[in-house]
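Residue numbers (the working numbering): 12 to 314.
Ideal Cβ placement from N, Cα and C applies to all residues, glycine included.
These notes are about the structure you will find just below.
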Amino acid sequence: MPDSPLPVATISSESPLTPAVNAWKMFLEDQDRSIHTIKAFAADVNLLAGYLPPDRPIGSITTKELNAFLEWMKSGRGVPCSPKTLSRRITSLKSFFRWLHGNGVILIDPAEDVVQKSVLSPLPEILTPEELELVRSSAQKYRTLESADARPQALLDLLVATGIKKGECLGINLKHIDLDAPGGPLLFVRYANPKYRYKERKIALKKEWAKVYKEYIAQYNPRDQLFPWSPRRLEYILEDIGKDAGISKHLSFLMCRWTCAVGDFEAGMDHTKIRQKLGVSEIQWREIKLKLKRLSVSTAGEK
Numbered sequence: 012m013p014d015s016p017l018p019v020a021t022i023s024s025e026s027p028l029t030p031a032v033n034a035w036k037m038f039l040e041d042q043d044r045s046i047h048t049i050k051a052f053a054a055d056v057n058l059l060a061g062y063l064p065p066d067r068p069i070g071s072i073t074t075k076e077l078n079a080f081l082e083w084m085k086s087g088r089g090v091p092c093s094p095k096t097l098s099r100r101i102t103s104l105k106s107f108f109r110w111l112h113g114n115g116v117i118l119i120d121p122a123e124d125v126v127q128k129s130v131l132s133p134l135p136e137i138l139t140p141e142e143l144e145l146v147r148s149s150a151q152k153y154r155t156l157e158s159a160d161a162r163p164q165a166l167l168d169l170l171v172a173t174g175i176k177k178g179e180c181l182g183i184n185l186k187h188i189d190l191d192a193p194g195g196p197l198l199f200v201r202y203a204n205p206k207y208r209y210k211e212r213k214i215a216l217k218k219e220w221a222k223v224y225k226e227y228i229a230q231y232n233p234r235d236q237l238f239p240w241s242p243r244r245l246e247y248i249l250e251d252i253g254k255d256a257g258i259s260k261h262l263s264f265l266m267c268r269w270t271c272a273v274g275d276f277e278a279g280m281d282h283t284k285i286r287q288k289l290g291v292s293e294i295q296w297r298e299i300k301l302k303l304k305r306l307s308v309s310t311a312g313e314k
């Protein structure tokens with residue numbers, strides 16, 4: 012069944028690329044895709060439109076021509092094209108022609124046999140199990156000082172248990188935390204922008220964290236936002252925890268997120284559940300999954 016009959020109703024296999032790209036953009040907008048994604052994807056395919064004759068029908072474009080276009084992008088255009096950018100442009104072409112083929116506009120998908128040149132970004136740094144214990148002990152010590160402070164442990168334990176991003180952490184409202192949920196404490200990750208509703212999810216919290224949370228609330232009495240400080244202030248808190256723990260790594264939101272993901276991966280959590288917990292799409296998950304495998308192997312070698 013066609014994904015989007017309305018946009019493709021205006022084009023056929025005899026249409027040139029430009030109106031086809033415009034129809035595809037309408038489809039992507041209807042799917043609530045990010046404006047940045049739509050802009051990048053459309054720009055990538057429009058480069059193909061500039062490479063081919065302007066009146067070239069979309070139904071006559073071949074795999075050989077697409078490969079020639081990509082080779083031109085790499086070495087013949089005279090404009091630098093990084094491996095990562097080339098990989099995205101291939102993804103754009105595949106998505107565009109798959110959409111045309113899936114909706115019956117073209118009989119053969121010429122991009123199907125184009126080889127995807129995936130490029131993995133560098134592996135993120137994570138905490139080893141030993142380092143994780145050190146930073147947890149460091150955060151816990153703040154609660155035993157004369158001027159007891161539960162904030163460092165409340166922040167750290169939340170991040171390494173949920174894997175949420177910095178922006179998601181800053182967006183947590185007190186009403187997003189349910190300590191009395193039937194199956195145990197829950198965190199509800201919410202987004203104010205309707206475009207990102209697909210990222211919303213609920214994540215289980217550890218019962219031990221609930222005790223730290225209550226201490227923190229009693230000490231700071233936040234009214235709405237869970238951590239009503241600037242991003243930089245929270246980053247400083249994590250940095251101080253790491254320094255006090257004596258680890259050489261720079262403790263950060265990103266490190267906590269990946270440490271959480273690797274822990275769940277090694278614990279055998281269902282991959283779909285990990286993806287949903289992290290709030291990433293199936294396309295993003297492909298690269299993340301590969302990184303988790305590599306990180307799991309590398310940390311196993313350190314044990």
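Here DSSP, grouped into helix, strand and coil, assigns GLN42 to coil. For ARG212, the enclosing beta strand (DSSP E) begins and ends at 212-215. Counting only residues of its own chain and dropping the five nearest sequence neighbours on each side, ASP160 has a CB closer than 8 Å to the CB of TYR153, ARG154, GLN230.
In its chain, beyond the 5 residues on either side, LEU185, PRO239 have a beta carbon closer than 7 Å to the beta carbon of PRO233. In this structure, THR96 is the residue among THR96, SER71, ASP43 with its C-alpha nearest to the C-alpha of ALA54.
The beta carbon of LEU262 lies closer than 7 Å to those of VAL146, LEU249, GLU250, ILE252, GLY253 in the same chain, with the five residues before and after it left out.
Here GLU136 is not near GLY70, since their CB atoms are 8 Å or more apart. With the rule of 3 Cβ pairs closer than 8 Å, the stretch 69-88 counts as touching the stretch 106-124. For ASN184, the three-state secondary structure derived from DSSP is strand. In the structure shown, the three-state DSSP call for GLN127 is coil. At a Cβ-Cβ threshold of 8 Å, LEU169 and TRP220 count as neighbours. In the structure shown, PHE238 falls within a coil segment according to DSSP collapsed to helix, strand and coil. Where VAL200 is concerned, the enclosing beta strand (DSSP E) starts and stops at 197-200. Between the stretch 165-183 and the stretch 292-307 there are fewer than three C-beta pairs closer than 8 Å, too few to call the two in contact. Three or more beta-carbon pairs separated by less than 8 Å are not found between the stretch 194-202 and the stretch 29-44, which leaves the two stretches without contact. Taken through DSSP and simplified to helix, strand or coil, ASP160 comes out as coil.
If you draw a straight line from the Cα of GLY194 to the Cα of THR139, it comes to about 30 Å. Around the beta carbon of GLN164, 16 or more other beta carbons lie within 10 angstroms, which makes this residue buried.
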